[in-house]
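Chains A and B, in that order, are what the protein sequence lines are. Counting with this note's numbering, you get residues 1 to 214 for the letters of the first sequence. Counting with this note's numbering, you get residues 1001 to 1214 for the letters of the second sequence. We put the beta carbon where it would ideally sit given N, CA and C, even for glycine. These notes concern the structure reproduced below.
Number of protein chains: 2
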Amino acid sequence: MLTVALPKGALLKDSISLLQSVGLDFSAFLDSANRQLQIQDPTGKAQALLVRTHDVPVYVEYGQAQLGIAGYDVLREKKPQVAHLIDLGYGRCRMSVAVKASSPYRSAVELPTNSRVASKFVHCAREYFDSIDLPVEIVPLYGSVELGPITGMSEAIVDLVSTGRTLRENGLIEIEVLYESTARLIAHPLSYRLNTDNLSEIIEKIRSKTLATV
Amino acid sequence: MLTVALPKGALLKDSISLLQSVGLDFSAFLDSANRQLQIQDPTGKAQALLVRTHDVPVYVEYGQAQLGIAGYDVLREKKPQVAHLIDLGYGRCRMSVAVKASSPYRSAVELPTNSRVASKFVHCAREYFDSIDLPVEIVPLYGSVELGPITGMSEAIVDLVSTGRTLRENGLIEIEVLYESTARLIAHPLSYRLNTDNLSEIIEKIRSKTLATV
């Protein structure tokens, strides 16, 4: 049976709407009383897994899900062995460098050599600072990265920014954009090539819906 | 000023009670309306940071907090350069290997060679399977590890178990205990040796409270 890995959190609602528009109903995941992590579409054609956004590529890479929806940020950070199929357009945000508004730095290259940069996206941060040839120490954090500059632990952060509210509330400003991110449809490469469970049909339906809204 | 890093989640309530019993009041963190991640004790003697449990050792290692409270599981997984001071006794749980109840395996050594083991604690899992000389593939996940065996992605999981309810609800059983975990008081090594902010006094108070309740 076709299995789709869906991400908990910010991308879930739009992902479920998109799949509904192509005939797959996983709206039970939006019920706040739901505790199940694996549900079937009422027609019995497909099932979905509800997992952390960082885990979506894992389930797809191992072939436990033939399709998955994940942010480009996660794909760029983890570089999983999956087929990147469609830019779905929603979940738009950007990976940015931010510093305390009261700091003198207004671009990343102005940061002092050997600055500390806190991030949940350590590979993205490392790649970016390598690309501008600035040696920095990346401090890996799991959450609330904005505390890095507030407490003085780090000069800067690399983090996802959507509205910018969290930055403003914490007295931080964005000084550099690494890249823009949106939700992406990904597939298990072998399932995609072999067209298991008639994958290509559902992918084409999603593609036409996505083109219609862009 | 003395800064204490406190973990969000399961250990928070007991940690705040413990600090209250030695005269430091950070109960504002328990207010569900609270959005602040950094607050001062009303007496102005100390401040606390509210961070993810995995981030506590980071703030302590970098000296942004002189003291921190973290689970032994996190300390064992991350091996941070911090001073381990006191076993606080609460937050008791165990790091265990679990499999589907319907599987034939009743101990870790019975797992087939090259099994897949899903875990958020990849270093703990790797260390354990190396110690029993069983080659396995560790699949790193961020959450809902129980989906690994349910979906067939992995034969087993290594995860924290406290009541065992999540395992039972998902048809899994514990077949091996790696170690027991409790909350621990940790300190920034240099601050501890130099007795910055009169650290030893507060540590001794915490030690006597902990001994009184054990």
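- Restricting attention to alpha helix (DSSP H) runs no shorter than 4 residues, the region 1050-1080 of chain B encloses them at 1056-1061 and 1072-1078, ordered along the chain.
- Of all residues in the region 133-144 of chain A, only 139, 141, 142, 143 and 144 place a beta-carbon less than 7 Å from a beta-carbon of chain B.
- In this structure the region 1030-1044 of chain B does not lie against the region 1081-1099 of chain B, because fewer than three pairs of beta carbons, one per stretch, are closer than 8 Å.
- DSSP places residue 1030 of chain B within a helical segment (H, G or I) once states are collapsed to three.
- Residues are counted here when their Cβ sits less than 8 Å from a Cβ of chain B; for the region 149-160 of chain A these are 150, 151, 152 and 153, given in chain order.
- The straight-line gap separating the alpha-carbon atoms of residue 191 of chain A and residue 66 of chain A is approximately 6 Å.
- With contacts defined as CB atoms closer than 8 Å, residue 1157 of chain B and residue 1148 of chain B qualify as a contacting pair.
- When secondary structure is reduced to three states using DSSP, residue 1016 of chain B falls in the helix class.
- For residue 1049 of chain B, the chain A residues whose Cβ falls inside 7 Å of its Cβ are 147 and 151, in order along the chain.
- Taking C-beta atoms as the reference points, residue 160 of chain A and residue 69 of chain A fail to come closer than 8 Å.
- Taking all protein chains in view, the Cβ of residue 1073 of chain B is crowded by 16 or more other Cβ atoms within 10 Å, so the residue is classified as buried.
- Residue 59 of chain A belongs to the set of residues whose beta carbon lies under 8 Å from a beta carbon in chain B.
- With a beta-carbon spacing of about 11 Å, residue 175 of chain A and residue 167 of chain A fall beyond the 8 Å limit used to define contacts.
- The beta carbon of residue 1145 of chain B sits closer than 7 Å to those of 1118, 1119, 1120, 1157 and 1159, all from its chain and outside the five residues before and after it, given in chain order.
- Contact annotation: in the region 179-195 of chain A, no residue has its CB less than 7 Å from a CB in chain B.
- Close CB contacts of residue 182 of chain A within its chain, under the 7 Å cut and outside five residues either way in sequence, are with 72, 87, 88, 89, 90, 91 and 92 (chain order).
- Per DSSP, residue 190 of chain A is not a residue of any beta strand (DSSP E); the alpha helix (DSSP H) it occupies stretches across 189-194.
- Contact between the region 1199-1213 of chain B and the region 1102-1112 of chain B is absent: fewer than three C-beta pairs spanning the two stretches fall below 8 Å.
- Distances from the CA of residue 1187 of chain B to each of B:1033, B:1132, B:1058 and B:1111 were compared; the closest alpha carbon is that of B:1058.
- For residue 205 of chain A, the three-state secondary structure derived from DSSP is helix.
- A Cβ-Cβ separation of about 5 Å places residue 171 of chain A in contact with residue 101 of chain A under the 8 Å criterion.
- Assigned with DSSP and collapsed to three states, residue 116 of chain A falls in strand.
- Shown here, residue 1104 of chain B sits in coil according to DSSP, grouped into three states, outside any helix or strand.
- Residues of chain A whose Cβ lies closer than 9 Å to the Cβ of residue 1052 of chain B are, in chain order, 141, 142, 143 and 144.
- When 7 Å is used as the limit between beta carbons, residue 64 of chain A is near these residues of chain B: 1151, 1152 and 1153, in chain order.
- Proximity of chain A to residue 1055 of chain B at the Cβ level (cut-off 7 Å) is accounted for by 141, 142 and 143, in chain order.
- Going by DSSP, residue 1173 of chain B is part of the beta strand (DSSP E) stretching over 1172-1181.
- For residue 38 of chain A, the chain B residues whose Cβ falls inside 9 Å of its Cβ are 1147, 1150 and 1151, in order along the chain.
- Excluding its 5 nearest sequence neighbours in each direction, residue 32 of chain A has no C-beta neighbour in its own chain below 7 Å.
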